[in-house]
Ligand SMILES: Cc1cc2nc3c(=O)[nH]c(=O)nc-3n(C[C@H](O)[C@H](O)[C@H](O)COP(=O)(O)OP(=O)(O)OC[C@H]3O[C@@H](n4cnc5c(N)ncnc54)[C@H](O)[C@@H]3O)c2cc1C
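Numbering (the numbering used here), first residue to last: 74 to 563.
Structure representation (structure tokens):
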């Protein structure tokens, strides 16, 4: 049951209705705490005060300012498309927030294929932007989430694409501050000057302040568009669990020496199932790109190195590979297209993994994510595998791990916990999630993204207490009346 709205909130919502039109302000009534429906993680639905749906960026400044007038008027939780599956979907971390749904701001305002940037709004999806770039010399760094997910929402939560971390794609942000002022930080196109894309400018760089942040609401961004490689192939390797440490050491050397680019991935046996992996078999995908001759040469080098090492039970490359155990050509094609900027518009791989179409995930599937960072060493990945198996054994839930290699020293370890949508199974999955937070923390591995039930870990993992205090001072200065809800990373 929702408590009676404060008069400050009533006033802000009444003015929001005048600003946006009544159909774009959905108020909670006393009967409903499920204003936006269930979330796939089966996390407790937060009590929401209202949902606001502006349709133009210019409306957001005046809207945010309405919530800055009185500390009692509730804080705003901004979402782009709200498909933050596994971490809470569209849900805010705290009760009694107002969800600011920016999915209606869906314009690609401008783009420049020669200079390699696009100005996009929060509702622009990776499917839409990649389609716009089809057959051009530029591409989008896509994730393996659904085509209908937001490029900007994912980047603001520090998501990871197949070409690298999405935060690195952000060159500029248009931010509405808590008092309603709109500012542009980082690099922005200027019709009078053709400055190359460089997000830092001179002096302190402000852009990173607004990722995983409660200091502003982002209404647009300049996104970098990488050059599309002329050719691309993914070398696929399989190995058994006892070889994990040595296989990782070998792959790290290839990453460090530039034989593979983008984000190579290592799948544990459960995660590898969707990619043609056999039972008890780990898989590795090593993308190779460049000119056609470079791809030919690098593929040959990697295949020869892999065979010589004696570590791998299967080595395949190219969609027409007919060697024993090679994956079907259609699957290889989907894998390679992802690395080349095609997010699989029909969500075939996504649906094969999740068992339901993307638009039914929140209502029909059970799913949570645990996302720790690891050093790229054989020991660390072996230890992570052990910790996951231990937690799975203790709880009886299922967990599939995919390591995204972000460079020779950094791994984004994605632990996906799928469960049937029933209470007992959800409790087991949530227990597994708690255990992983604890056991990985004890091993020194911290997560880089948090779900709405684990916001407390932000303090536990803050390195220097002075730095944590500084972010809270910034919040107090910029947002004294908490116009923006504290969020997951308060
Ligand atoms: C099968 C599967 C595969 C997945 N693969 C990937 C993957 O490869 N990489 C990956 O990173 N994730 C992945 N995900 C997780 C998730 O689906 C994506 O990260 C997705 O892009 C996030 O949802 P969204 O784009 O709708 O962002 P939103 O949910 O809209 O936003 C994410 C968060 O960013 C903040 N935010 C959003 N918009 C704004 C704004 N305008 N101003 C201020 N703050 C804002 C909010 O805190 C919000 O909760 C996957 C999920 C599944 C189920």
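No residue lacks a Cβ here, since even glycine has one placed at the ideal position from N, Cα and C.
If you measure from the CB of residue i, is any heavy atom of ligand 1 nearer than 8 Å?
i, result
"residue 150", "yes"
"residue 212", "no"
"residue 426", "yes"
"residue 170", "no"
"residue 423", "yes"
"residue 160", "yes"
"residue 269", "no"
"residue 203", "no"
"residue 143", "no"
"residue 487", "yes"
"residue 163", "yes"
"residue 415", "no"
"residue 112", "no"
"residue 544", "no"
"residue 195", "yes"
"residue 175", "yes"
"residue 442", "yes"
"residue 350", "no"
"residue 499", "no"
"residue 146", "no"
"residue 418", "no"
"residue 292", "yes"
"residue 191", "no"
"residue 509", "no"
"residue 258", "no"
"residue 561", "yes"
"residue 283", "yes"
"residue 216", "yes"
Look at the alpha carbon of residue i and the alpha carbon of residue j, and state the distance between them as a whole number of angstroms.
i, j, result
"residue 405", "residue 96", "46 Å"
"residue 285", "residue 342", "32 Å"
"residue 328", "residue 543", "36 Å"
"residue 307", "residue 361", "6 Å"
"residue 103", "residue 118", "The predicted model places residue 103 with a pLDDT of 47, which falls under 50 and marks its position as unreliable, so this point remains unresolved."
"residue 407", "residue 549", "47 Å"
"residue 123", "residue 520", "31 Å"
"residue 202", "residue 467", "43 Å"
"residue 193", "residue 387", "42 Å"
"residue 453", "residue 94", "54 Å"
"residue 366", "residue 423", "32 Å"
"residue 260", "residue 266", "12 Å"
"residue 200", "residue 359", "24 Å"
"residue 389", "residue 474", "22 Å"
"residue 159", "residue 232", "12 Å"
"residue 204", "residue 212", "9 Å"
"residue 552", "residue 561", "16 Å"
"residue 491", "residue 558", "29 Å"
"residue 81", "residue 143", "6 Å"
"residue 157", "residue 320", "32 Å"
Quick test of your reading: residue i and residue j, contact by CB under 8 Å. State the CB separation rounded to the nearest angstrom.
i, j, result
"residue 385", "residue 379", "5 Å"
"residue 296", "residue 242", "5 Å"
"residue 178", "residue 127", "7 Å"
"residue 442", "residue 524", "7 Å"
"residue 420", "residue 431", "5 Å"
"residue 563", "residue 214", "In fact, because the Cβ distance is near 28 Å, the residues do not count as touching under 8 Å."
"residue 87", "residue 146", "About 11 Å separates the two Cβ atoms, so there is no contact after all."
"residue 460", "residue 516", "6 Å"
"residue 141", "residue 556", "4 Å"
"residue 244", "residue 270", "5 Å"
"residue 258", "residue 279", "4 Å"
Out of the options, which has the shortest C-alpha to C-alpha gap to residue i?
i, options, result
"residue 444", "509, 411, 197, 382", "509"
"residue 164", "131, 463, 282, 113", "113"
"residue 527", "506, 493, 372", "506"
"residue 283", "410, 196, 547", "547"
"residue 171", "289, 151, 159", "151"
"residue 135", "446, 89, 176", "89"
"residue 316", "223, 458, 80", "458"
"residue 318", "111, 513, 449, 465", "449"
"residue 346", "425, 189, 277", "425"
"residue 481", "324, 91, 154, 225", "324"
"residue 168", "91, 349, 116, 215", "116"
"residue 137", "181, 99, 92, 111", "92"
"residue 246", "272, 268, 252", "272"
Fill in: alpha helix (DSSP H) runs wholly inside the stretch 249-334, at least 4 long, in chain order
Runs of the alpha helix (DSSP H) inside the stretch 249-334: 317-329.
Fill in: Whole alpha helix (DSSP H) elements within the stretch 501-551, 4-residue minimum
The stretch 501-551 contains these whole alpha helix (DSSP H) runs: 530-534, 538-551.
Item to complete: Please specify which runs of the beta strand (DSSP E), each continuous and at least 3 residues long, are wholly inside the stretch 332-414, giving them in chain order.
Response: DSSP assignment within the stretch 332-414 yields the following whole beta strand (DSSP E) runs of 3 residues or more, N-terminal first: 338-340, 354-363, 387-390.
Item to complete: Quick one: which unbroken beta strand (DSSP E) runs of 3-plus residues sit fully inside the stretch 132-166? Chain order, please.
Response: DSSP runs (the beta strand (DSSP E)) wholly in the stretch 132-166: 149-152.
Practice prompt. Could I get the ranges of all uninterrupted beta strand (DSSP E) runs contained in the stretch 470-505, with 3 residues as the minimum, in chain order?
Written response: For the stretch 470-505, whole beta strand (DSSP E) runs of length 3 or above, ordered along the chain, are 473-480, 483-492.
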